[in-house]
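If you read the sequences in order, they're chains Z and H. Under this note's numbering, think of the first position of the first sequence as 11, with each following residue one higher. Under this note's numbering, think of the first position of the second sequence as 5, with each following residue one higher. We put the beta carbon where it would ideally sit given N, CA and C, even for glycine. Take a look at the structure set out below.
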Amino acid sequence: MLVAFLFRRLGGAAVVFLLVSMLAFLLVWLIPGDAVAVLLDAAASPEETARLRAALGLDRSPLAQMLAWYGGLARGQLGHSLLLNRSVAEALLERLPITLSLTALALAIAVVFGTSAGVGAALAHGGWLDQLLMGVALFGLSVPDFWLGLLFIIVFALGLGWFPTGGFVPISESLAGWARSMTLPGLALGLTQMGFIARMARSSMLDVLGQDFVRTAEAKGLSRSRIILAHALPNAMVPIVTVIGIVTGALLGGSVVIEQVFSIPGVGRLIVGAILARDFPVIQGGLLFLAGVYLLVNLIVDLLYAVIDPRVRLA
Amino acid sequence: MMEPRDLASPAPWRRLLASRPFVIGGILLVVLVLAAALAPILAPHDPLRGNFRLRLAPPGPLHWLGTDHFGRDILSRLLFGARLSLAIGAATTLASGLAGTLIGASAGYFRRLDEPLMRLMDALMAFPAILLAMAVAATLGASVGNVIIALAVATTPHTSRVVRASVLVVRELEFVEAARSIGATETRILLRHVLLNCLGPLIVRLTYVFAIAVLAEAALSYIGVGPPPPAPSFGNIIAGGRDFLVTAPWITIAPGCAIIAIVLALNLLGDGLRDVLDPRLRP
Chain Z
11 MLVAFLFRRL GGAAVVFLLV SMLAFLLVWL IPGDAVAVLL DAAASPEETA
61 RLRAALGLDR SPLAQMLAWY GGLARGQLGH SLLLNRSVAE ALLERLPITL
111 SLTALALAIA VVFGTSAGVG AALAHGGWLD QLLMGVALFG LSVPDFWLGL
161 LFIIVFALGL GWFPTGGFVP ISESLAGWAR SMTLPGLALG LTQMGFIARM
211 ARSSMLDVLG QDFVRTAEAK GLSRSRIILA HALPNAMVPI VTVIGIVTGA
261 LLGGSVVIEQ VFSIPGVGRL IVGAILARDF PVIQGGLLFL AGVYLLVNLI
311 VDLLYAVIDP RVRLA
Chain H
5 MMEPRDLASP APWRRLLASR PFVIGGILLV VLVLAAALAP ILAPHDPLRG
55 NFRLRLAPPG PLHWLGTDHF GRDILSRLLF GARLSLAIGA ATTLASGLAG
105 TLIGASAGYF RRLDEPLMRL MDALMAFPAI LLAMAVAATL GASVGNVIIA
155 LAVATTPHTS RVVRASVLVV RELEFVEAAR SIGATETRIL LRHVLLNCLG
205 PLIVRLTYVF AIAVLAEAAL SYIGVGPPPP APSFGNIIAG GRDFLVTAPW
255 ITIAPGCAII AIVLALNLLG DGLRDVLDPR LRP
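Pasting the structure below:
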């Protein structure tokens with residue numbers, strides 16, 4: 011059953027990935043008018059124009075362009091950057107660990123604090139703590155993450171001097187340095203999603219607490235802490251595991267802007283630089299890359315979900 | 005014809021007015037929309053013209069929220085920025101609502117279209133929304149219209165999913181069969197009976213789309229692919245304060261508070277609407 015489920019999900023993800031790569035390929039076609047004329051200034055020589063046309067593959071027929079794009083994909087190549095003078099796949103791969111570590115940290119912050127706040131609110135249902143926690147969660151959902159990052163820089167980096175204003179220290183170089191450079195961006199990025207998870211965790215916990223097996227546990231005379239920790243919480247976590255996929259997507263998007271705010275040399279900063287310089291191969295490759303990460307994470311989450319909740323496999 | 009959740013009946017309105025988040029969010033939003041609409045009257049200074057003798061002036065009696073590095077009045081820029089932000093948010097909401105309804109209703113009502121349309125939406129949803137919006141806006145060229153297109157592209161997939169999900173439920177209800185049995189055409193059934201009864205979840209979703217659009221527009225213009233400067237968009241103002249975080253933090257702080265006020269109002273409104281209109285998602 012689990013194997014059949016696995017194959018079904020893999021097939022679905024493969025179809026979506028093909029469409030994703032097609033959309034990324036088609037992005038260049040959105041450039042209004044003659045792409046090369048738009049990218050270069052009017053003073054460009056005919057040779058320069060021809061070189062850029064060839065670099066973008068626009069001197070070939072649409073079908074040939076598409077074959078080249080998919081041919082490259084099949085060999086793990088995403089083309090050549092117009093500005094960095096290097097392979098797009100290499101540039102992205104080199105920066106991926108930085109972005110992944112930032113996203114993972116923000117995800118951990120969002121899940122740990124969000125779940126605690128949501129479960130706490132559910133246990134204090136209707137009381138002042140519930141209202142306070144849900145107020146904070148709603149506020150967190152309404153704060154622009156990049157602005158929160160700037161606010162953190164003003165207060166904790168420039169004001170109090172507890173953290174650096176930006177930059178990145180690899181985890182292999184110094185764990186403490188990495189933690190110091192990642193704390194503010196991770197918090198800024200994680201807080202918005204924390205609000206989302208807290209609201210989710212609260213309603214899920216309230217749902218579970220109202221179910222028969224909790225009443226049975228109470229009837230058996232189990233202590234409240236045992237009912238909550240051993241019976242209610244594991245069941246309430248199931249919906250939270252399923253939204254981790256969605257949250258990861260939002261965090262990957264958020265990291266693009268946060269990396270810019272904190273000068274973190276990750277995939278996001280590479281893509282923003284490419285967007286501002288209209289370096290299309292990098293933009294296309296970056297879009298495909300992050301969408302691929304998103305699909306992969308969601309696939310893993312789906313499988314995890316099927317393992318912890320056997321009912322899913324039958325659906 | 006009796007509808008099971010008829011929006012025209014007074015009951016939802018009464019329940020909405022009894023909902024605290026709806027009322028608080030609604031009042032806050034009305035105040036903010038009024039402030040934005042009346043920006044030309046309320047703004048104490050020209051949002052685009054600077055006074056070089058008063059560059060980076062801290063908040064004071066002449067400039068309540070201070071000035072930026074061109075000596076432009078931050079409060080005036082915020083009022084006009086709210087105008088721009090709300091206009092872009094409203095246009096995005098409309099576009100996402102129309103496109104999402106068209107796609108979602110087609111997928112939910114016509115079985116043959118379901119698979120291809122929804123896989124395409126899945127593919128669009130695989131891109132981080134903010135990144136997709138950035139790439140589309142930058143590719144089309146930085147302008148207000150293109151920002152709206154980009155944000156609509158990024159928000160439509162989820163909207164279409166919401167519409168499809170409710171269409172799938174409503175199309176199986178008895179009154180649809182009743183309409184068909186008295187000879188109503190498929191188009192009439194879809195428009196008059198099915199879609200009208202999907203409005204609740206759609207309205208809730210669109211309230212959140214508005215909030216997302218306001219947040220995303222700020223991020224887009226902060227990065228530099230939004231409405232081009234000197235347009236007083238929130239993101240542009242924040243980006244302008246980037247080099248003066250120590251000497252003039254008010255440039256950065258004030259627009260963030262304005263964004264929070266708008267998004268909070270919309271989220272409160274959405275929560276209130278959801279409690280009343282979308283019983284499936286009741287927390």
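Query: If you follow the alpha helix (DSSP H) that residue 162 of chain H is part of, which residue opens it and which one closes it?; Result: 148 to 174
Query: Are the C-beta of residue 123 of chain H and some C-beta of chain Z separated by less than 8 Å?; Result: yes
Query: Could you check whether the Cβ of residue 159 of chain H sits closer than 8 Å to any Cβ belonging to chain Z?; Result: no
Query: Rank H:63, H:143, H:244 by C-alpha distance to the C-alpha of residue 292 of chain Z and give the top, closest one.; Result: H:143
Query: For residue 126 of chain H, which residues in chain Z fall below 7 Å Cβ to Cβ?; Result: 26
Query: Please go through the same chain and pick out, in chain order, the residues whose beta-carbon is closer than 7 Å to the beta-carbon of residue 106 of chain Z, but skip the five residues on each side of it.; Result: 277
Query: When the cut-off is 8 Å and only beta carbons count, does residue 133 of chain H lie next to chain Z?; Result: yes
Query: Excluding the five sequence neighbours on either side, which residues of its own chain have a C-beta within less than 7 Å of the C-beta of residue 69 of chain Z, listed in chain order?; Result: 63
Query: Can you find the residues in the same chain that come closer than 6 Å, C-beta to C-beta, to residue 87 of chain H, ignoring five residues on each side of it along the sequence?; Result: 40, 43
Query: Starting from residue 152 of chain Z, find everything on chain H with Cβ-Cβ shorter than 7 Å and list it in chain order.; Result: 264, 267, 268, 271
Query: Quick check: is the beta carbon of residue 304 of chain Z nearer than 8 Å to any beta carbon in chain H?; Result: yes
Query: Is DSSP giving residue 55 of chain Z helix, strand or coil here?; Result: coil
Query: Measuring only the C-alpha atoms, how far is residue 120 of chain Z from residue 79 of chain H?; Result: 34 Å
Query: Helix, strand or coil: which one does DSSP assign to residue 211 of chain H?; Result: helix
Query: For residue 30 of chain Z, tell me which candidate among H:163, H:265, H:127, H:180 has the shortest Cα-Cα distance.; Result: H:127
Query: When you compare only the Cα positions, how much space is there between residue 255 of chain H and residue 259 of chain Z?; Result: 31 Å
Query: So that I know if they touch, is there some Cβ in chain H lying closer than 8 Å to that of residue 6 of chain Z?; Result: Because residue 6 of chain Z is not part of the residues shown, which for chain Z are 11 to 325, the question remains open.
Query: Give me the DSSP bridge partner(s) of residue 67 of chain H.; Result: DSSP output for residue 67 of chain H lists no bridge partner at all.
Query: If we cut at 8 Å on Cβ distances, does residue 256 of chain H have a partner in chain Z?; Result: yes
Query: Could you compute how far the alpha carbon of residue 197 of chain Z sits from the alpha carbon of residue 203 of chain Z?; Result: 10 Å
Query: Going by beta-carbon coordinates alone, are residue 266 of chain Z and residue 282 of chain Z separated by less than 8 Å?; Result: yes
Query: If I follow the unbroken alpha helix (DSSP H) through residue 136 of chain Z, where does it start and stop?; Result: That residue, residue 136 of chain Z, is in no alpha helix (DSSP H); it is neither H nor E in DSSP.
Query: Can you tell me the Cβ-Cβ gap for residue 231 of chain H and residue 148 of chain H, rounded? I've got them flagged as a contact below 8 Å.; Result: 5 Å
Query: Quick one: does residue 162 of chain Z have its CB under 8 Å from some CB of chain H?; Result: no
Query: State the start and end residues of the unbroken alpha helix (DSSP H) segment that holds residue 231 of chain H.; Result: Premise fails: residue 231 of chain H is in no alpha helix (DSSP H) and is neither H nor E.
Query: Can you pull the chain Z residues whose beta carbon is under 8 Å from the beta carbon of residue 62 of chain H, in chain order?; Result: What residue 62 of chain H touches in chain Z: nothing, since even the nearest Cβ is about 14 Å away.
Query: Among Z:137, Z:175, Z:155, which one has its Cα closest to the Cα of residue 164 of chain Z?; Result: Z:175
Query: If you follow the alpha helix (DSSP H) that residue 270 of chain Z is in, where does it begin and where does it stop?; Result: 243 to 271
Query: Taking DSSP's pairing of strands, which residues face residue 77 of chain H in a bridge?; Result: H:71
Query: Pull up the distance between the alpha-carbon of residue 121 of chain H and that of residue 50 of chain H, whole angstroms please.; Result: 48 Å
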